[in-house]
Structure formats: C-alpha cells, structure tokens
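Numbering (the working numbering), first residue to last: 31 to 119.
Everything below concerns the one structure shown next.
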C-alpha cells in the first residue's frame with residue numbers, strides 16, 4: 031500500500047483499549063498521539079514529533095481515515111485507530 035500521500039501531514043494515532051477483552055460490553059479507554067506522518071524508505075508509516083517517533087503497525091495501514099473533525103483528533107488531517115492490550119492508557 032502506497033502511503034506517500036501522508037508524508038508531512040498532521041496525523042493522530044488513537045489507541046483503543048477494552049477493559050475486559052472477554053466482555054464486549056466492558057468500558058473502552060482511548061488515548062491520542064499527535065504528530066506528523068513520516069514515510070520511511072521502506073514505505074512504513076511513522077508518526078513523529080520532537081518528543082517521539084511511533085511506528086504505526088502495518089496491519090493498521092488499511093484503517094487510515096481522513097479526519098472527521100472529532101474534537102479528540104484536534105487538527106489532525108488523518109487518523110488511525112489501534113487496538114492495544116497490556117498497556118496503560
């Protein structure tokens with residue numbers, strides 16, 4: 031998948047964690063990571079800021095969407111949601 035169109039764009043990674051993965055009705059927590067998209071020489075997406083560089087999992091690449099104006103996305107032009115477990119949000 032060619033992600034070059036994202037280069038330099040404002041990007042938000044939304045981490046989503048379900049309190050109990052065995053209970054579909056359990057509480058969901060979300061946390062955002064805001065930065066700029068950087069496509070490395072191998073075509074992989076990293077979200078970067080002066081404080082961090084986060085490699086977006088390749089499995090999430092097909093889930094990248096343009097921002098819909100949701101307040102938590104702030105000024106991001108694009109976002110992706112990543113399901114996480116074993117990580118505090």
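Every residue, glycine too, gets a C-beta built ideally from N, C-alpha and C.
With 16 other Cβ atoms within 10 Å as the buried cut-off, status of residue i
i	result
residue 75	buried
residue 36	buried
residue 77	buried
Three-state class that DSSP yields for residue i in the structure shown
i	result
residue 113	strand
residue 67	strand
residue 48	strand
residue 59	strand
residue 83	strand
Length of the line joining the Cα atoms of residue i and residue j
i	j	result
residue 121	residue 56	No information on residue 121 is available, as it lies outside the stretch 31 to 119 that the chain covers here.
residue 98	residue 104	10 Å
residue 67	residue 113	19 Å
residue 118	residue 51	14 Å
residue 58	residue 90	19 Å
- Inter-stretch contact at 8 Å, needing at least 3 Cβ pairs: the stretch 39–46 / the stretch 100–108: At 8 Å Cβ cutoff, the stretches touch.
- Message: When you compare the stretch 56–67 with the stretch 80–96, are there three or more beta-carbon pairs, one atom per stretch, that lie closer than 8 Å?
- Response: The stretch 56–67 is in contact with the stretch 80–96.
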